[in-house]
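J.:
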């Protein structure tokens, strides 16, 4: 009987250990399921915090804005350089015309000087006006003239940071206080919907500004090309005042 009792106790101990192992496995599986559900809620609410705004229209806006600021600076430098080239061309033509002793070269230098005379100076002035009006001025308006829109973007950044902070807090509560899980899940869902509506409005506004800027850039590029063509045409001895005046009148 003692032996039989020992055998029975051994069987009971084995069964108890097996049941304990199954309970632990079930608890682990339940924990995994709970963890997956929590992660799904986190993902649905916006996932991990993003360093940059993920709205494609805002990313495109950032690229366009950076290009506009470079264009603003470089178009100003271009206009100054164009004026300097015209002035130095006139100075060089006068120097050569005054110093060359060879009759043939002297005649060519005089013709070159005449080509860089008052008519050429007037052409360069008109070219500068075309460039200023069609390139520099529109770019400057875009860089400096959208203060309300810049405030809208600043507000977007604040809203995004506030949303991320709220989301992180609710996720932390969801993990530390699972008994009120439904409350935190509801808060996350409501915040995600509010943030999504805000994102849609921002995307719409930014897309409209991006389209306006692309149209402006197309016109500005055409103005740059016209000024370049006219500059090289007049430098090669084309008819004075033609293309630049025409571009100014049609722009």
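In the numbering used here, the protein residues as written are 241 to 491. Note that CB positions come from ideal geometry on N, CA and C, so glycine has one too.
1) Go through its chain and collect everything with a Cβ distance to residue 390's Cβ below 6 Å, but skip five positions before and after it.
2) So for residue 288, helix, strand or coil by DSSP?
3) Could you check the C-alpha separation between residue 337 and residue 372 for me, to the nearest Å?
4) May I have the straight-line CA-CA distance separating residue 326 from residue 448, to the nearest angstrom?
5) For residue 450 and residue 355, what's the separation of their Cα atoms in angstroms?
6) I need the DSSP call for residue 384, collapsed to helix, strand or coil.
7) Is the separation between the beta-carbon of residue 378 and that of residue 319 shorter than 7 Å?
8) So, residue 380 versus residue 312, is the Cβ gap smaller than 7 Å?
9) Compute the beta-carbon to beta-carbon distance between residue 370 and residue 466, rounded to the nearest angstrom, for a pair I have assumed lies under 8 Å.
10) Here's the rule: buried if 16 or more other CB atoms are within 10 angstroms of the residue's CB, otherwise exposed. What is residue 345?
11) So, with DSSP's three-state summary, where would you put residue 473?
12) What are the boundary residues of the alpha helix (DSSP H) that includes residue 344?
13) Among residues of its own chain, excluding the 5 on either side of residue 438, which ones have a beta-carbon nearer than 7 Å to its beta-carbon?
14) Within 10 angstroms of its Cβ, does residue 446 collect 16 or more other Cβ (buried), or is it exposed?
15) Taking DSSP as the reference, what is the three-state secondary structure of residue 311?
T.: Well, looking at it:
1) A distance below 6 Å between beta-carbons, with the five flanking residues on each side excluded, links residue 390 to no residue of its chain.
2) Unreliable placement is indicated for residue 288, whose pLDDT of 45 sits below 50; the coordinate value is still reported in the next sentence. In the structure shown, residue 288 sits in coil (DSSP, three-state: anything other than H, G, I, E or B).
3) 32 Å
4) CA-to-CA, the gap between residue 326 and residue 448 works out to about 40 Å.
5) 43 Å
6) helix
7) no
8) yes
9) 7 Å
10) exposed
11) Reduced to three states, the DSSP call for residue 473 is helix.
12) 343 to 355
13) 399
14) Classification for residue 446: buried.
15) helix
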